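Engineer:
Chains as they are written, first to last, in the working numbering: chain A, 72 to 337; chain B, 13 to 226.
1) Using alpha carbons as the reference points, say which of 172(B), 217(B), 157(B) lies closest to residue 43(B).
2) Taking a Cβ distance cut-off of 9 Å, strictly less, list which residues of the stretch 151-174 of chain B are near chain A, in chain order.
3) Considering only the alpha carbon of each residue, which of 119(B), 144(B), 107(B), 124(B) lies closest to residue 33(B)?
4) Express the C-alpha separation of residue 48(B) and residue 198(B) in angstroms, rounding to a whole number.
5) Leaving out five residues before and five after residue 35(B) in sequence, what residues of the same chain have Cβ atoms less than 6 Å from its Cβ?
6) In chain A, what lies closer than 8 Å to residue 49(B) by C-beta?
7) Going residue by residue through the stretch 156-221 of chain A, where are the continuous beta strand (DSSP E) segments of at least 3 residues, counting only ones entirely within it?
8) Residue 222(A) and residue 318(A): beta carbons closer than 9 Å?
9) Under the rule that 16 or more other beta-carbon atoms within 10 Å means buried, what is residue 252(A), buried or exposed?
10) Given a cut-off of 9 Å on the beta-carbon distance, is the pair residue 138(A) and residue 155(A) in contact?
11) Are any of the Cβ atoms in chain B nearer than 9 Å to that of residue 143(A)?
12) Output the distance between the C-alpha atoms of residue 239(A) and residue 248(A), rounded to the nearest integer angstrom.
13) Could you give the DSSP three-state label for residue 13(B): helix, strand or coil?
14) Using C-beta distances below 8 Å, list every residue in its chain close to residue 65(B), excluding the 5 sequence neighbours before and after it, in chain order.
15) Tell me which same chain residues have a C-beta within less than 8 Å of the C-beta of residue 206(B), skipping the five on either side of it?
16) Go ahead and pull the three-state DSSP assignment for residue 232(A).
17) By the criterion of Cβ-Cβ separation under 9 Å, what are the contact partners of residue 232(A) in chain B?
18) So, at 7 Å on beta carbons, what are the nonlocal neighbours of residue 20(B) in its own chain, with the 5 sequence-adjacent residues on each side left out?
19) Between which two residues does the alpha helix (DSSP H) holding residue 144(A) run?
20) Could you name the residues of the same chain whose beta carbon sits closer than 8 Å to that of residue 110(B), not counting the 5 residues immediately before and after it, in chain order?
21) Could you give the DSSP three-state label for residue 92(A): helix, strand or coil?
22) Determine the direct distance from the alpha carbon of residue 94(A) to that of residue 191(A), and round the result to whole angstroms.
23) For residue 175(A), go through chain B and note every residue whose CB falls closer than 7 Å to its CB, in chain order.
24) What residue range does the beta strand (DSSP E) around residue 247(A) cover?
25) Taking Cβ positions only, does residue 133(A) come closer than 9 Å to chain B?
26) Using the beta-carbon of each residue, which ones in chain B are nearer than 8 Å to residue 265(A)?
27) Which residues of chain B have a Cβ atom closer than 8 Å to the Cβ of residue 245(A), listed in chain order?
28) Residue 210(A): which of 335(A), 129(A), 103(A) sits nearest, CA to CA?
29) Are the beta-carbon atoms belonging to residue 199(A) and residue 151(A) less than 9 Å from one another?
30) Confirm, please, whether the CB-CB distance from residue 96(A) to residue 94(B) is below 9 Å.
31) So who's on the other strand from residue 223(A), going by DSSP bridges?
32) By how many angstroms is the C-alpha of residue 60(B) removed from the C-alpha of residue 39(B)?
33) Apply the 10 Å Cβ neighbour rule to residue 13(B) and answer buried if 16 or more other Cβ atoms are within range, or exposed otherwise.
34) In terms of residue numbering, what span does the beta strand (DSSP E) encompassing residue 303(A) cover?
35) If you draw a straight line from the alpha carbon of residue 69(B) to that of residue 272(A), how long is it in whole angstroms?
36) Go ahead and label residue 88(B) buried or exposed: buried means 16 or more other beta carbons lie within 10 angstroms of its beta carbon, across all protein chains shown.
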């Protein structure tokens, strides 16, 4: 005799009930936890920007410690003096907005919450792209400009924040990833990789944008040469490294006109 | 008499050695290759799988008489996927840092064949308590191999353990590096995980002749 659970009718009913139960359970969990998750992501963005500015809780040689979640809002307010939003089209900056102007036009949305992924998609759709730029003073009192960048690693998205000085020399870098391989590509989030970018030049003497290449077989593993436009790659993480080179090249280049104007104004 | 009967205790100890999911059943190899380049990732993965297998096996065992056999694989997949997603969401809300470390593993846990294999082979035919023990046992057996492989790969590949340099500084040439020793970058590549697992299988079978198949 056929078992009760083998009947088609039972199978269909079971499947329907299961989908409804599991679906509502997941939907309930997701929606009830959403406010917390959004808040955590907001804090993380502020911590990342401050980290690139050199404001962090690092003590030892290899640690990556952000400012604590209690202090982050206050520090972000005081250390980041200006949040600019540049509107870029075809490689030119067509408009520059202050934080207040941007917030007035966007229902009070803070510029640091601009979704870089969406802005990159805008370019593909032929629209202009908004480039947030965070101006702040480092611990040493120098003015740095932090720009968000985003690209593709091996498995998923990679992104980061790069602090530049007025000559587009890297003064701080923070990289993160969604799902790079632990021990290989995931090491772009390690100090020894991120710190290699410090002091690297993005521009040639003549002011042409070169970018920074994550290069294999680099003859300069201690990274003493800061004008070779290269940093030492990670073993076993070629595609992630290429992704880092590509996002630096593509996204930071868009800021070039801003820095050229800055130079002219001085 | 211990806490567990002899038969129950065997459910935990068997997968640790003579019926190890990786070296004997050769399940879950994909994740063993992917994440064992460092010890910390191996440990995190072992704990995550321990949790998912323990709970998943119990859930499947509890509903085993209700599951229609025609769609049982789909049901198993849904149980494991929703478990992992719920855990991931809760961590994102309350332990954000930890969730970032774990996010890489979420996909790998869902597709881990050990989990599906134990659901199919054990939880569907046994009560919740025995299913729980079986889940824990297999997850431990899996975790042990992961940690052994992770230990050798991180030590020989990067010269570190849990990210802490134990052999000296490779760039400054201190410690063992001063005598001309170099890290073997090849250890960080997935093929070396396969070779280490192969060596483990060889060692295990040479010590226990019963395991050798004709």
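Cβ coordinates follow ideal geometry from the N, Cα and C atoms, glycine included.
Here the structure is a predicted model, which means the values were calculated and not measured.
Structural biologist: By the coordinates alone:
1) Counting from one through the second chain, the residue named residue 43(B) turns up at place 31. Looking at the Cα atoms, 157(B) is the closest of the given residues.
2) From the stretch 151-174 of chain B, only 162, 165, 166, 169, 170 have a Cβ closer than 9 Å to chain A.
3) To locate residue 33(B), count along the second chain from 1; it is residue 21. Ranking the options by Cα distance to residue 33(B), first place goes to 124(B).
4) Locating residue 198(B) in the second chain gives position 186, where the first residue counts as 1. Locating residue 48(B) in the second chain gives position 36, where the first residue counts as 1. The C-alpha of residue 48(B) is placed about 13 Å away from the C-alpha of residue 198(B).
5) Looking up residue 35(B) in the second chain gives position 23. If we look at residue 35(B) and ignore the five residues flanking it on each side, its Cβ neighbours are 212, 213, 216.
6) Position 37 of the second chain, counted from the start, is the residue given in the question as residue 49(B). Proximity of chain A to residue 49(B) at the Cβ level (cut-off 8 Å) is accounted for by 252, 253, 254, 255, 307, in chain order.
7) Along the stretch 156-221 of chain A, the beta strand (DSSP E) occurs as fully enclosed runs of 3 or more residues at 163-168, 200-208, listed in sequence order.
8) Numbered from 1 along the first chain, position 151 holds the residue referred to as residue 222(A). Numbered from 1 along the first chain, position 247 holds the residue referred to as residue 318(A). Contact flag set, yes.
9) Translated into the one-based positions of the first chain, residue 252(A) becomes position 181. Buried, by the Cβ-count rule.
10) Taking the first residue of the first chain as 1, we reach residue 138(A) at position 67. Taking the first residue of the first chain as 1, we reach residue 155(A) at position 84. Going by beta carbons, residue 138(A) and residue 155(A) fall outside the 9 Å limit.
11) As a first step, residue 143(A) must be located in the first chain, where it is residue number 72. No, because no Cβ of chain B sits closer than 9 Å to the Cβ of residue 143(A).
12) Taking the first residue of the first chain as 1, we reach residue 239(A) at position 168. Taking the first residue of the first chain as 1, we reach residue 248(A) at position 177. Cα to Cα, the separation comes out at about 24 Å.
13) Residue 13(B) sits at position 1 when you count from the first residue of the second chain. Any reading at residue 13(B) must be qualified, since the residue scores a pLDDT of 41, below 50, and its modelled position is unreliable; the value itself is stated next. Of the three classes helix, strand and coil, the one that applies to residue 13(B) here is coil, per DSSP.
14) Within the second chain, residue 65(B) is the residue found at index 53, counting from 1. Cβ within range, chain order: 126, 127, 130, 147, 148, 150, 151.
15) The residue you call residue 206(B) lines up with position 194 of the second chain. Hits under 8 Å: 41, 45.
16) For the purposes of this step, residue 232(A) is taken as the residue at position 161 of the first chain. DSSP places residue 232(A) within a strand segment (E or B) once states are collapsed to three.
17) Residue mapping note: residue 232(A) aligns to position 161 of the first chain, counting from 1. Those do not exist, as residue 232(A) stays about 16 Å from chain B at its closest Cβ, beyond 9 Å.
18) The residue given as residue 20(B) occupies position 8 in the second chain. Annotation for residue 20(B): 142, 145 place their beta carbon closer than 7 Å to its own, counting only its chain and skipping 5 residues before and after.
19) Position 73 of the first chain, counted from the start, is the residue given in the question as residue 144(A). Segment 143-150, the alpha helix (DSSP H) holding residue 144(A).
20) As a first step, residue 110(B) must be located in the second chain, where it is residue number 98. Taking residue 110(B) as the centre and dropping the five residues before and after it, the same chain places the C-beta of 103 closer than 8 Å to its C-beta, in chain order.
21) Locating residue 92(A) in the first chain gives position 21, counting from the first residue. Residue state for residue 92(A) is assigned as helix, using DSSP reduced to three classes.
22) What you label residue 191(A) is simply residue 120 of the first chain in a count that begins at 1. What you label residue 94(A) is simply residue 23 of the first chain in a count that begins at 1. For residue 191(A) and residue 94(A), the distance between alpha carbons rounds to 32 Å.
23) The residue given as residue 175(A) occupies position 104 in the first chain. Near residue 175(A) there are no residues of chain B at all, since even the closest Cβ is about 31 Å away, more than 7 Å.
24) Within the first chain, numbered from 1, the residue matching residue 247(A) stands at position 176. Where residue 247(A) is concerned, the enclosing beta strand (DSSP E) starts and stops at 241-248.
25) Start at 1 with the first residue of the first chain, and residue 133(A) comes out as number 62. For residue 133(A), the answer is yes, since a Cβ of chain B falls inside 9 Å of its Cβ.
26) Numbered from its first residue, the first chain carries residue 265(A) at position 194. Those within 8 Å of residue 265(A) in chain B number zero; the least Cβ separation is about 15 Å.
27) Taking the first chain and counting its residues from 1, one reaches residue 245(A) at position 174. None at all; the shortest Cβ gap to chain B is about 13 Å.
28) Stepping through the first chain from its first residue, residue 210(A) is reached at position 139. Nearest in C-alpha terms to residue 210(A), of all of 335(A), 129(A), 103(A), is 129(A).
29) Here residue 199(A) refers to the residue found at position 128 when the first chain is read from its first residue. Here residue 151(A) refers to the residue found at position 80 when the first chain is read from its first residue. The answer is no: Cβ separation not under 9 Å.
30) By one-based count along the second chain, residue 94(B) stands at place 82. By one-based count along the first chain, residue 96(A) stands at place 25. Judged by beta-carbon spacing, residue 96(A) lies within the 9 Å limit of residue 94(B), meaning their Cβ atoms are closer than that value.
31) Counted from its first residue, the first chain places residue 223(A) at position 152. BP columns for residue 223(A) point to 228(A).
32) For the purposes of this step, residue 39(B) is taken as the residue at position 27 of the second chain. For the purposes of this step, residue 60(B) is taken as the residue at position 48 of the second chain. If I take the Cα positions, the gap works out to 17 Å.
33) As a first step, residue 13(B) is located in the second chain; it is residue number 1 there, counting from the start. Bear in mind that the predicted position of residue 13(B) carries a pLDDT of just 41, short of 50, making it too unreliable to give a figure here.
34) To locate residue 303(A), count along the first chain from 1; it is residue 232. Where residue 303(A) is concerned, the enclosing beta strand (DSSP E) starts and stops at 301-303.
35) In the second chain, counting from the first residue as 1, residue 69(B) sits at position 57. In the first chain, counting from the first residue as 1, residue 272(A) sits at position 201. If you take the alpha carbons of residue 69(B) and residue 272(A), they lie about 55 Å apart.
36) Looking up residue 88(B) in the second chain gives position 76. Burial of residue 88(B) is indicated by the presence of at least 16 other C-beta atoms within 10 angstroms of its C-beta.
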